[in-house]
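**Student:**
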Amino acid sequence: MTTIRDIAQKSGFSIATVSRVLNNDMNLSVSEETRDKIKAVAEGLGYKKKQGITQLNNIAFLYWISNEEELEDVFFKGIRTEIEKQAKQRKIELVRYHIDDGIEKVDKNSTGFIAIGKLTEREIKYLEEITPHGVFLNTRRDPQNLDSVLPDLKFMTEYMIRFFEGLGYNRIGFIGADDYDVETNEPIPQLREITFRNYQRERNKLREEDILIVPASTVKNGYKVAMKAIEEMGDNLPEAFCVATDPLAIGALQAFNEMQIPIPQRVAFFSINNISVTKYVSPPLTTFHIDIPTLCETGLDLIEERLTKNRTTAKTVYIQGKPIFRKSTPSIGEEK
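In numbering that gives the first Met the number 0, the protein residues as written are 0 to 335.
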């Protein structure tokens with residue numbers, strides 16, 4: 000069996016250099032000619048690399064989420080902890096950078112990057128000058144050059160509408176939050192709101208008064224906007240609400256419970272994310288479960304594929320959600 004020592008002796012390079020080249024260590028400062036020669040010798044000798052966990056070093060993990068955002072939406076914290084756990088298991092070295100650090104803190108010798116959160120065009124350009132190998136989680140930026148892994152929010156939003164219609168609901172509302180333009184900080188609609196509007200508009204079912212939008216996806220904002228809707232609409236409330244995120248839905252449930260409006264008998268709720276508390280609220284919340292471990296696993300697969308196989312064609316991968324039916328909606332087949 001051919002060994003690293005055999006390749007080193009025939010190629011004329013040290014054992015350490017040969018080992019690092021064959022393990023695709025991009026931090027090793029050698030010429031492409033050297034890399035090619037070592038790989039050619041290895042191939043000529045019939046070298047078979049031992050199967051095991053690939054080691055990837057110095058991959059920048061940009062956690063561009065503020066402390067306030069993480070406290071308000073535990074979805075982001077779930078991604079952070081899961082991807083760091085999986086990277087450790089796979090012996091992938093992630094170096095975390097926080098939004099407060101600033102983009103200039105990112106090591107210029109980084110071999111690749113994984114990012115979550117909103118980065119400006121300047122920040123993305125800075126990263127691409129360091130390395131062409133990048134993956135965005137939960138968002139899509141520069142799709143021609145960089146990979147992305149996202150939950151399929153368009154499908155989930157349309158599914159919620161179809162689910163309610165299948166139960167006989169005619170008037171369906173939407174509770175969501177503004178996104179914001181990272182360059183101008185101006186509010187812009189989220190994909191979930193855009194999808195809801197387009198889907199309803201195409202079928203002449205869009206009612207602007209039933210679309211409730213707040214500045215941020217927090218429990219407090221969900222409570223406030225629901226209480227305002229109850230006060231202003233009275234008995235003219237929608238029969239059901241598609242809700243962009245669980246925190247908004249939890250706040251809305253609180254408002255409807257306080258006003259003694261029965262759920263789901265009078266108004267039903269269907270949300271997205273399936274954070275842990277949704278099973279304990281009253282009534283337990285029907286919501287889409289987003290598989291964070293699969294989202295993170297896919298992101299790590301993509302960056303590993305780029306670095307070990309030198310893939311340059313960008314990929315966008317959508318992760319499907321699973322509806323978790325609880326008591327904030329009638330059971331499937333049950334009359335509303």
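Heads up, the beta-carbon is just placed ideally off N, CA and C, and yes, glycines get one too.
Can you tell which of ALA86, ASP151, ASN144 has the C-alpha that lies nearest to the C-alpha of VAL316?
**Tutor:** ASP151
**Student:** Of all the options ASN66, VAL266, ALA248, which has the alpha carbon lying nearest to the alpha carbon of TYR279?
**Tutor:** Checking every option, the nearest Cα to that of TYR279 belongs to ALA248.
**Student:** Going straight from the alpha carbon of MET140 to that of LEU44, what length do you get?
**Tutor:** Correcting the residue type first, residue 140 is Arg in the shown sequence and not Met. So the alpha carbons of these two residues sit roughly 43 Å apart.
**Student:** Classify LYS335 as helix, strand or coil using the three-state DSSP reduction.
**Tutor:** The pLDDT assigned to LYS335 is 49, lower than 50, so where the model puts this residue is not dependable, and the model offers no usable value.
**Student:** In terms of residue numbering, what span does the beta strand (DSSP E) encompassing SER270 cover?
**Tutor:** 267–272
**Student:** Once DSSP output is grouped into helix, strand and coil, what is the label at GLU185?
**Tutor:** GLU185: coil per DSSP, three-state reduction.
**Student:** Could you spell out where the beta strand (DSSP E) holding GLY133 opens and where it closes?
**Tutor:** Counting along the chain, the beta strand (DSSP E) containing GLY133 begins and ends at 133–136.
**Student:** Relative to the C-alpha of ASN108, which residue among ILE115, ILE274, PRO131 is closest?
**Tutor:** For ASN108, the nearest C-alpha among the options comes from PRO131.
**Student:** Report all residues from its chain with a CB closer than 6 Å to the CB of ASP146; omit the five preceding and five following residues, and keep chain order.
**Tutor:** VAL134, LEU301, ALA313, LYS314
**Student:** Excluding the 5 residues preceding and the 5 following GLY116 in the sequence, name in chain order all residues of the same chain whose CB lies nearer than 6 Å to its CB.
**Tutor:** TRP63, ILE64
**Student:** Just reading off the alpha helix (DSSP H) that GLU92 is part of, what are its end residues?
**Tutor:** Premise fails: GLU92 lies in the beta strand (DSSP E), 91–97, not in any alpha helix (DSSP H).
**Student:** What do you reckon, are the CB atoms on PHE255 and THR328 nearer than 8 Å?
**Tutor:** no
**Student:** Does the distance from the C-beta atom of ILE82 to that of CYS241 stay below 8 Å?
**Tutor:** No, these two residues do not count as a Cβ contact at 8 Å.
**Student:** Can you round the beta-carbon distance between LYS321 and PRO282 to whole angstroms, since I take them to be within the 8 Å contact cut?
**Tutor:** With 8 Å as the limit, LYS321 and PRO282 do not qualify as a contact, their Cβ atoms being about 20 Å apart.
**Student:** I believe ILE210 touches GLY172 by the beta-carbon criterion, under 8 Å. Please report the beta-carbon distance rounded to the nearest angstrom.
**Tutor:** 7 Å
**Student:** How long is the line joining the alpha carbons of ASP72 and THR217, rounded to whole angstroms?
**Tutor:** 7 Å
**Student:** First and last residue of the alpha helix (DSSP H) that includes TYR317?
**Tutor:** Run containing TYR317: none in the alpha helix (DSSP H); it sits in the beta strand (DSSP E), 315–318.
**Student:** May I have the straight-line CA-CA distance separating THR297 from VAL148, to the nearest angstrom?
**Tutor:** 7 Å
**Student:** Since I believe LEU306 is in contact with GLY111 (beta carbons under 8 Å), could you give me their beta-carbon distance rounded to a whole number of angstroms?
**Tutor:** The pair is a contact, with the Cβ atoms about 6 Å apart (cut-off 8 Å).
**Student:** For LYS321, does the three-state DSSP call read helix, strand or coil?
**Tutor:** Three-state DSSP puts LYS321 in a strand.
**Student:** With H, G and I counted as helix, E and B as strand and the rest as coil, what does DSSP make of THR16?
**Tutor:** helix
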